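In what follows, a single structure is set out as structure tokens and then discussed.
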Amino acid sequence: MSPSTTAPGVRQKDFRFRCIACGDLSDRASQDFRCAHCGDLLEIIYPQWKESAPKAENLKAVWRQRRLSQCAADLSGVWRFRDLLPALEASDGASDSDDQQIITLREGNAPLYDLPQCARIAGVPRLFAKHQGMNPTASFKDAGMTVAATFARLAGFRWVACASTGNTSASMAAYAARGGMRSLVLVPEGKISWSKLSQALDYGAVTCQLRTDFDGCLRLLQELVLRAPVYQLNSINPFRLEGQKTLAIELLEQLDWQVPDHIIVPGGNLGNSSAIGKALLEMRELGLISRLPKLSVIQAEGANALVRTLREAAGKRLVSVQAETRATAIRIGNPASWKKAAHVLDATGGACEQVTEIEIAQAKAEIGAEGIGCEPASAVTLAGLKKLVKQGFVKHEESVVLVLTGNLLKDPDYTIEFHRHELFKGTSGENAVALNPLRHPPIILDATLDAVIRTLEQAEKA
Ligand code: F0G
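Sequential numbering from 3 applies to the sequence shown in our numbering.
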């Protein structure tokens, strides 16, 4: 078992690890993916871009061309952009060798939808949803997992592991299974949705429900990887963020390289916002885009560590919180990638906002009313947009992309409770009138034609 996170199969000269705090450069990372000198997080950089950066026009043409190819690396909406990812041994063109090395489920390729009704509600002319919930395991995690799982296998690991609020574990378990590796999942007991748990079970993970929260699971995992030969697949792992970068590249390609004014993303452990921000900065560096969209992060009020970190500590130190929200995917109080996220918000001029549980539920139902199903954590983006428009941060003529991170089917309990008027029972939100027109509870009837016709007529009148 290799104790290192990289292996001879990887052409290491293509990328290096850089500490985000002290700037230390290294060719190898230890199993906790922390800087050997100061213990902060690592990021992947591509030093050769300084001498021979790939040409923007060539890249755009190559990526377009690959859409016609049938090889696995090109069918993946992540590896199609492999020119901006850590290189595999033979990565020039779409070689057979790439196809054999990568673990892929044809991730990425996520649709960009327009949301005309939500645009009207929010007060902007053009609003799009980049729906990462249309990935193979129904969340954005797959884009990062294909890359990190591939590098785990290249490094010779038999076991991969993660702490999760549900989606990471579902995705990791799937990619481990596809790649012939075993997987270990640490999730907070009773705090993740059954759908996500069921995915990990079906994909064969050893699934531990720990009597703690997500932050407790992640702390334990960080200790575990230093003691046992397991490869950690949380977003602390910088290979994950390289894969997740492709969300932004694919988005810009879908927009024909016309830069939107704003991209809005939910914030939990803050890996995804960091990855999207890194992609935007790299795309500008390479001349793929000439200006940056503002990247904004929205959190649930009950899990607002980044909001408080920026407001109360000017982004200088993390203000942790005891997280509580029904958007369980982002029920995180001690986000690992807060420094990376604070950096990209600053670099792109984005905002950080928080939204209430009622605002989340309302936004989710409004997105649903357009035929687009997302999980509660994703809906914070629309709720946040409404706030940012009211504050004047998003102007009435500006274009906006919401990143929907997970599918509606990830948390059906939440949706059913919402429509049955049970979601906020016994809380101050119980009487929130704004939610009533959005509720469509199931109707139990006698099995007669009359009863159904009466219901139809009532619905038509309402
Ligand atoms: N949306 C969904 C649906 C998520 O599952 C997550 C995170 C986020 C947003 C937040 O993204 O952590 O990169 O800021 N889910 C992780 C998990 C923590 O374990 O599945 P982030």
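All C-beta atoms, glycine included, are put in the ideal place defined by N, C-alpha and C. All figures in this text were calculated on a predicted structure; none of them were measured in a lab.
What did DSSP end up calling residue i once you bin it into helix, strand or coil?
| i | result |
| --- | --- |
| T327 | coil |
| T209 | strand |
| N409 | strand |
| W161 | strand |
| C73 | coil |
| P231 | coil |
| P262 | coil |
| A96 | Confidence is the limiting factor: at A96 the pLDDT is only 49, short of 50, which leaves the residue's position unreliable and the question unanswerable from this model. |
| R1 | With the chain represented from 3 up to 464, any question about residue 1 goes unanswered, as that position is not in the structure. |
| R333 | coil |
| C37 | coil |
| R20 | strand |
| T450 | coil |
| D29 | coil |
| I300 | strand |
| R242 | helix |
| E459 | helix |
| E45 | strand |
| H133 | strand |
| V403 | strand |
| V80 | coil |
| P444 | coil |
| P5 | Low per-residue confidence applies at P5: pLDDT is 45, beneath 50, and the placement is therefore not dependable, though the value from the model is reported in the following sentence. Coil. |
| D116 | strand |
| P414 | helix |
| S185 | strand |
| S2 | Limits of the chain in this structure are 3 at one end and 464 at the other, which puts residue 2 out of reach. |
| P190 | strand |
On the premise that residue j lies in contact with residue i, defined as a C-beta separation below 8 Å, what is that separation, rounded to the nearest angstrom?
| i | j | result |
| --- | --- | --- |
| V80 | V149 | 7 Å |
| T470 | V227 | The structure shown does not extend to residue 470, since the chain is modelled only from 3 to 464, so the question has no answer here. |
| A367 | L440 | 4 Å |
| L61 | L290 | 7 Å |
| R333 | T167 | 6 Å |
| A305 | V323 | 7 Å |
| A202 | S171 | 5 Å |
| A145 | Y177 | Not quite, the Cβ-Cβ distance comes to about 11 Å (not below 8 Å), so this is no contact. |
| N239 | L220 | So it is not a contact: roughly 12 Å between Cβ atoms. |
| N485 | F142 | Limits of the chain in this structure are 3 at one end and 464 at the other, which puts residue 485 out of reach. |
At a threshold of 7 Å, does residue i count as lining the ligand ATP (C-beta to nearest heavy atom)?
| i | result |
| --- | --- |
| E377 | Here the bound small molecules are the ligand F0G; the ligand ATP is not part of this structure. |
Checklist entry - Should the region 132-141 be called in touch with the region 102-122, which here means at least 3 C-beta pairs below 8 Å? => result Yes, the region 132-141 touches the region 102-122.
Next on the checklist: Any contact between the region 369-378 and the region 247-256? By contact I mean 3 or more CB pairs, one from each, below 8 Å.
Outcome noted: Flag = no, the region 369-378 and the region 247-256 do not touch.
Next on the checklist: Whether or not the region 287-302 and the region 350-363 are in contact is what I'm after, with contact meaning three or more pairs of Cβ atoms, one per stretch, closer than 8 Å; do they touch?
Outcome noted: Judged by Cβ distances under 8 Å, the region 350-363 makes contact with the region 287-302, as three or more pairs qualify.
Checklist entry - Taking contact to mean at least 3 C-beta pairs separated by less than 8 Å, is the region 277-287 in contact with the region 307-324? => result The count of Cβ pairs closer than 8 Å, one atom from the region 277-287 and one from the region 307-324, stays below three, leaving the stretches out of contact.
Next on the checklist: Report the start-end ranges of each beta strand (DSSP E) in the region 339-370 that is 3 residues or longer and not cut off at the edges.
Outcome noted: For the beta strand (DSSP E) assignment, the uninterrupted runs of no fewer than 3 residues enclosed by the region 339-370 are, from N- to C-terminal side, 354-357.
Checklist entry - Which parts of the region 268-300 are runs of the alpha helix (DSSP H), unbroken and 4 residues or longer, counting only runs that do not cross its ends? => result Within the region 268-300, the complete alpha helix (DSSP H) runs of at least 4 residues are 273-287.
Checklist entry - How do the region 399-415 and the region 121-130 stand: do at least 3 beta-carbon pairs fall below 8 Å, yes or no? => result Contact annotation: the region 399-415 touches the region 121-130, with at least three C-beta pairs closer than 8 Å.
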